[in-house]
Amino acid sequence: MNKPHMKLVIAFFAILLLSMVFRFWQLGSTPVGLYWDEAAMYLDAKVVSQTFKDMHGHSAFQTIFPSYGDYKLPIYIWLASLSFKLLGASEFALRLPSAIIGVTQSVVIFFILRKLSEKVYSEKLSWAVSLLGSFIMAVSPWSVLFSRTGFEGFTGQFLVSCAFLCLLLSTQSKKWLIPSSLLAITGVYSYYSVRFVWPVLMISFWSFFVVPKLFPLIKSPTQFIKSALFSALPFILCLLIWWMGISPIFASPNYPASQQFRLSTSSIMEATPFNLQSNMYREVTGNNIVSRVLYHGWFLQLKELLENYADHFDFNFLFMTGDNNLRHSTGQHGLFLLFCFPLLIAGFLYQLKKSPLQLLFLVIWWLVALLPASVPTDTPHALRSFNALTPIVIMMSFGLIPFYILFNRVKSWKVQRTILFITIGVIGYQVMMFAADYFFIYPIKSASEWQQGYKDIVLNVDQNRQKYDKIWINPEDDRFFLWYLAYGNLEASEVQTAMQKELILKTWENVEFEEFPWDRYPTAVRPFIVVTRAGSLQIKPTHEKILYDSFGQPKFEIGFYDKNE
Amino acid sequence: MYKKITIIIILFSFFLRVYALNSIPPSLYWEEVALGYDAYSILKTGRDHHGHFLPLVAFESFGDYKPSFYFYSIIPFLLVFGLNVWAVRLPSVFAGVAIVYFSGKIANFLFPTQSQVKESSLKEIFLRPDVLTMLATAFSPWALQFSRSGWEVNLATAFLTAGIYGGLLGGREVLRKSVVQNKTLMYYGVSVILLVASAYSYHATRFIAPLIGLVLVIPLFQKYKLYWKHILALGVFGLILLSPILLFITDPSVGHRLEETSAFKTGQEVIDSNFYIEQLGSNVVTKLLFHRYWFYGKTFIINVFSHFRLDFLFLSGDKIPRHSIQYFGLFFPTDFFVLIAGALTLIKNWRKKYHLLWIWLVIGLVPASITQPVPHALRTLPILPVYMVLLGLGFSTILTFISRQRFSKLITLAVFGILFAQIIMYWHFYLLAYPKLYSNDWQYGHAQMVRSVEKNKLEGEKVLITREYGRPAMYYWFYTETDPREVQAEELTVPKDQSEFLSFKGVTFINNLDGTQKGLIASSPKQRQYFSNAEDVESISNLLGEPIWMIYRVQ
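Here the protein sequences come in this chain order: A and B.
Mapped onto this note's numbering, the consecutive letters of the first sequence carry residue numbers 290 to 854.
Mapped onto this note's numbering, the consecutive letters of the second sequence carry residue numbers 341 to 895.
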């Protein structure tokens with residue numbers, strides 16, 4: 290690489306700074322609480338950091354953590370444990386690995402884009418494209434939101450990006466294939482869906498980045514086939530290494546249960562509804578051979594899959610509203626800010642003309658990344674489609690080039706300056722609006738999605754646990770025990786004892802994680818505490834504490850029923 | 341040869357639109373019945389059923405003020421066929437055929453054939469974008485859906501397409517000739533008439549047609565020194581023709597529909613804006629940055645782009661079963677690739693005149709995007725020809741590319757095989773499944789119910805028909821061919837819901853029954869349960885065999 294212009298280096302660090310601000314500012318308090326997966330991870334990481342064993346007392350070096358029955362992969366729990374070891378258990382420490390990964394990804398995408406563009410375009414343009422990619426990554430709501438929470442999927446896709454960078458470097462030196470495979474293995478240990486993405490990515494990379502380079506060198510078809518096969522050998526070897534590397538996951542005693550859990554999500558693999566629909570279509574169309582072929586259940590399943598895919602290409606999902614789930618989106622912004630839309634279109638068209646094979650590779654990456662997200666029926670899904678982040682950002686970044694060419698055609702500097710001013714203004718406005726929305730509005734609007742109030746319940750109740758005979762907690766969530774064990778004043782060994790044989794805890798010592806039986810109130814042994822939704826205490830307590838939601842409305846009620854009444 | 345092929349395509353597209361028209365869609369929807377009966381009323385009395393003399397801008401109808409042209413277009417068919425399905429739907433059929441023809445002509449204008457040979461070979465003809473545009477439109481699920489029932493929007497789209505073609509011809513004359521010619525004015529004059537007719541046919545085209553008209557006269561403005569008189573004359577001509585609409589722009593007859601369907605009527609944008617300002621501190625900056633207009637703009641953009649959803653376009657279509665058959669989108673699934681090929685070809689060979697297409701697209705999406713629900717296949721129908729032209733161009737590009745390959749015949753055969761399979765699937769579903777599965781959406785059973793009531797009604801007996809399924813009064817008049825004078829005579833005396841009659845000469849159109857009513861009653865099986873002592877007269881089922889109407893007598 291040539292020595293870059295100082296201004297570009299400054300721009301790079303400015304983007305990094307922006308990326309850090311978006312990821313580290315108020316990290317512990319925005320989002321306002323831990324949702325259940327994070328709470329489970331918090332608990333596991335807290336226990337692992339103290340005992341090197343998980344909440345169930347199993348070794349921390351297991352390939353699948355049973356957690357609360359959702360069977361988590363280990364990488365993020367290990368990272369969070371390390372963070373807890375260094376900083377102590379807190380929401381900030383839990384989310385810190387993700388935030389660091391988010392910032393690092395802005396660097397990784399920069400180098401990916403540099404590798405893809407450095408020999409094709411001028412140094413300045415290559416830097417500009419790479420900086421743009423870095424900037425998009427830094428301010429993309431998709432990346433920002435998931436950088437600030439303990440979602441394993443974010444780590445998984447980041448490791449795939451790193452592995453892809455190594456693949457790009459392997460075109461110069463084959464030794465890069467080894468770290469690439471190792472990163473891809475680690476990726477699978479972070480997030481299940483990476484196992485679908487990586488082999489396709491490897492094969493596509495060989496097909497579109499390695500094989501085409503053989504064309505000018507080879508004279509006869511036979512020689513070409515030989516060379517192509519020869520060039521495939523290291524890739525095949527790496528895929529084998531990768532497969533061997535991830536096989537401990539399949540050998541895990543928790544693997545069958547983990548698959549059962551994943552398949553329990555409503556998905557298009559469930560044939561019954563399609564067969565019923567198919568039967569109805571056949572029935573009304575005469576139930577003959579033609580109708581049996583035309584309305585076969587497979588057609589209907591394929592149609593549903595395509596519809597689910599289509600949801601992920603919806604403009605509004607990508608640029609305006611995002612995922613319906615407020616944990617995955619602010620509801621006011623898409624996965625990317627609106628200014629990225631023209632870049633995506635321009636990038637697609639430009640690469641179609643100039644580097645169609647690269648485009649094809651990116652499209653395949655995008656499509657395969659959407660497969661795990663499109664099989665379940667709740668689409669579009671920002672989390673499950675996360676592996677598409679990098680290819681989309683690459684595509685958008687190349688969209689700068691046609692605009693750059695057009696911009697340079699403008700002769701007048703005044704006009705150029707005006708265009709620049711407007712462009713920066715528009716982008717700046719969008720970034721600022723997103724920041725304002727995310728840091729000031731989103732915490733209020735999304736509070737209930739982040740189980741706001743659960744931690745307060747635990748803190749209020751746990752300090753009184755010894756004084757009361759019984760505590761009944763019913764915030765209408767059977768996973769509430771996770772928050773209790775995570776935030777309560779419990780030793781790691783106590784957690785492990787409680788969870789030794791349980792995935793869902795119904796009772797622990799004098800705490801019942803279920804609704805208070807009001808019909809048994811007259812005979813209930815006092816003193817006791819009842820926690821419930823605000824307004825649900827059927828009998829007036831001795832004294833009570835109300836917990837309010839982000840809009841200032843009563844959300845939970847803690848009723849203290851003392852002995853003296 | 342080209343002409344023969346064009347005629348064959350036109351005849352074939354007519355056949356596709358007219359085949360089994362009286363039974364698929366399975367019955368007349370209430371809007372169709374309203375169109376038919378008011379047209380009948382005009383024919384018989386010169387007034388609509390409310391007694392308004394020859395309404396020009398809109399018919400009051402159910403209080404939704406339908407634009408007037410479609411009513412008048414039904415009249416010639418009433419004279420031939422009488423008051424029935426054919427008369428109501430045939431104007432739309434002919435409009436559909438006109439859309440096929442004029443979409444092809446626009447494609448021909450935009451992408452003139454390169455062949456200098458007068459008598460082109462069959463292969464050359466079938467590689468032409470205009471021929472392929474006509475074929476694509478002829479088979480288009482979107483075009484067919486709205487051409488096979490009485491939709492005002494289809495007529496409006498036909499006028500709009502023809503008007504645009506006229507305007508394009510006028511523009512070409514202006515740019516070609518250095519001297520003013522009467523032919524130019526004639527093209528533009530006809531174009532203005534057609535565009536105005538479009539504005540009188542459908543709500544959305546009141547907005548679309550004048551704006552497109554302005555785009556079409558850009559060539560005149562480019563030579564304004566030479567053509568200023570023409571510009572003035574056309575402007576005055578257009579304004580005079582549009583003046584009834586412009587004069588009533590604040591009247592319910594023009595604005596009512598927009599108010600009723602507005603995308604902003606929930607006021608969510610104002611609530612959001614206030615919330616942001618309140619949370620971030622009310623000052624000039626926040627009031628500016630979070631002004632409600634930003635939120636309106638956002639809703640508008642969301643609505644615009646919802647019309648490009650891939651599932652809407654290629655897989656499942658409009659959620660309303662009357663607008664899409666649900667098993668297919670507005671296009672066949674493989675049209676996705678063809679449209680991309682068309683768009684890329686267009687971008688690659690960009691000419692100034694192609695600007696028309698995206699301007700048409702953008703203007704055409706506005707009315708549908710300021711209303712709810714979205715995406716909406718009906719309100720966006722005026723942009724159908726844009727897509728069709730792109731499809732034609734895309735097919736032309738793909739087939740031309742294939743024709744240059746080594747196994748061109750084999751590949752062409754495979755491509756046509758895939759297209760043919762989709763067409764077969766579409767028609768199989770459309771003819772056999774769609775009418776049965778969605779007969780309720782087409783108000784199937786009303787005709788049978790009215791005939792049954794008429795047949796079984798005793799002299800002087802009170803009749804009650806429930807309004808559960810919609811607007812029974814209009815069906816009653818339509819299928820009994822009630823003399824419109826009798827309806828007009830009751831205009832001022834009967835109770836109404838908005839403008840819908842709630843009773844007519846001993847027949848009461850009632851919302852809900854409670855078991856106390858007496859007489860001959862037509863209701864759903866659910867409401868029939870209130871009457872344990874009723875004597876059943878007839879039961880009417882939908883096309884899936886589920887009972888929908890019960891006719892019974894309570895003494």
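The beta-carbon is built from N, C-alpha and C at its ideal position, and this holds for glycine as well.
Can you tell me which of the three DSSP states Tyr870/B falls into? The three-state secondary structure of Tyr870/B, taken from DSSP, is coil.
Can you check whether the C-beta of Gly575/A is within less than 8 Å of a C-beta belonging to chain B? yes
Tell me whether the beta-carbon of Ser541/A lies closer than 8 Å to the beta-carbon of Ile353/A. yes
Met609/A: contacting residues in chain B (beta-carbon distance under 8 Å): Lys638, Ile641, Ile642, Phe645
Neighbour flag for Tyr770/B against chain A, beta carbons, 8 Å: no
Is the beta carbon of Ser470/A sitting closer than 8 Å to the one on Trp531/A? yes
Which same chain residues, not among the five before or five after Val834/B, have their C-beta less than 8 Å away from its C-beta? Excluding positions up to five away in sequence, the list reads Phe841, Leu842, Ser843, Phe844.
Check this for me: beta carbons of Ala496/B and Ser541/B, under 8 Å apart or not? yes
Check whether the segment 849-862 of chain B touches the segment 802-813 of chain B, taking contact to mean three or more Cβ pairs, one atom from each stretch, closer than 8 Å. The answer is yes - the segment 802-813 of chain B touches the segment 849-862 of chain B, with three or more Cβ pairs under 8 Å.
Sub-8 Å separation of Phe498/A and Val657/A beta-carbons: no
CB Gly841/A to CB Leu826/A, shorter than 8 Å? Taking a C-beta distance under 8 Å as the contact criterion, Gly841/A and Leu826/A do not qualify as a contact pair.
Exposed or buried, what is Lys361/A when buried is set at 16 or more other beta-carbons lying within 10 Å of its beta-carbon? buried
Kindly indicate which residue of Leu724/B, Gly403/B, Gly503/B, Met890/B has the alpha-carbon position closest to the one of Arg791/B. Met890/B
Can you give the Cα-Cα distance for Gly391/A and Phe440/A, rounded to whole angstroms? 12 Å
Length of the line joining the Cα atoms of Leu648/A and Ile349/B: 39 Å
Contacts of Ile585/B in chain A (Cβ-Cβ under 7 Å): Against chain A, a Cβ distance below 7 Å from Ile585/B picks out nothing, because the smallest value is about 33 Å.
Along the chain, where does the alpha helix (DSSP H) that runs through Met609/A open and close? Met609/A -> no alpha helix (DSSP H), and no H or E assigned at all.
Identify the contact partners of Ala599/A in chain B, using a Cβ-Cβ distance below 8 Å as the criterion. Arg649, Leu650, Asp651, Phe654, Leu655
DSSP-derived helix/strand/coil call for Arg571/A: helix
Chain B within 8 Å of Lys592/A, Cβ atoms only: Output row for Lys592/A: interface = yes.
Between the beta-carbon of Leu686/B and the beta-carbon of Leu718/B, is there less than 8 Å? No; because the gap between Cβ atoms is not below 8 Å, this pair is not in contact.
Pick from Val471/B, Leu450/B, Pro584/B: whose alpha carbon is nearest that of Lys343/B? Val471/B
Tell me the DSSP secondary structure of Trp491/B in three-state form. coil
Spatially closest choice to Ser419/A from Val682/A, Leu565/A, Pro562/A, by CA coordinates: Val682/A
Any idea if Met290/A is buried or exposed, counting beta-carbon neighbours within 10 angstroms, 16 or more meaning buried? With a pLDDT of only 49 at Met290/A, under 50, the local geometry of the prediction cannot be trusted, and the value read off the model is given with reservation. It is exposed - the Cβ of Met290/A has fewer than 16 other Cβ atoms within 10 Å.
Locate the alpha helix (DSSP H) running through Ala573/B, then write down its first and last residues. Unbroken alpha helix (DSSP H) run through Ala573/B: 564-587.
Output, in sequence order along the chain, the residues in the segment 599-612 of chain B whose CB is closer than 9 Å to any CB in chain A. Asp612
Please classify Ala303/A: is it buried, with 16 or more other beta-carbons within 10 angstroms of its beta-carbon, or exposed? exposed
Relative to the alpha-carbon of Pro713/B, which residue among Pro725/B, Asn623/B, Thr639/B, Gln521/B has its alpha-carbon at the smallest distance? Of the residues Pro725/B, Asn623/B, Thr639/B, Gln521/B, the one whose Cα lies closest to the Cα of Pro713/B is Thr639/B.
Can you name the residues that DSSP bridges to Tyr914/A? One cannot answer for residue 914/A here, as it falls past the ends of chain A, which runs 290 to 854.
Chain B contacts made by the segment 602-634 of chain A, where a contact means CB separation under 7 Å: Here the close residues are Phe602, Asp603, Phe604, Asn605, Met609, Thr610.
Using a Cβ-Cβ cutoff of less than 6 Å, which residues in the same chain neighbour Tyr570/A once the five nearest sequence positions on both sides are dropped? Tyr584
Report the rounded CA-to-CA distance for Val514/B versus Ala498/B, giving the unit in angstroms. 24 Å
CB contact check: Ala540/A to chain B, cutoff 8 Å: no
Take Gln562/B as the anchor and find which of Gln783/B, Ser518/B, Ser531/B, Met765/B has the nearest alpha-carbon. Ser518/B
Contacting residues, own chain, Cβ-Cβ under 6 Å from Phe741/B (five flanking each side not counted): none
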